[in-house]
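Numbering (the working numbering), first residue to last: 27 to 95. Ideal placement from N, C-alpha and C gives every residue a C-beta, glycine not left out.
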């Protein structure tokens, strides 16, 4: 399991390392699995690295990114 987590982290580091517009979508068909938490933490981490960051919560019924920020 640890190897899989390491591969995901290195993949994200490569993704955010280059220039240009990048889109990262965090999705799941099930509620309550942590999509919002992952999205907010990823957006904060990117912003702290000096990247321009836009976080959109497309959950029209239960949007709660504002609560976490």
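In the DSSP annotation of this structure, residue 89 is not part of any alpha helix (DSSP H), being labelled neither H nor E. Nearest Cα to residue 93 within the set 66, 78 and 77: 66. Take residue 73, set aside five residues on each side of it, and the residues of its chain with a beta-carbon closer than 7 angstroms to its own are 79, in chain order. Between residue 70 and residue 41, the alpha-carbon positions lie close to 16 angstroms from each other.
The continuous alpha helix (DSSP H) containing residue 61 extends over residues 61 to 74.
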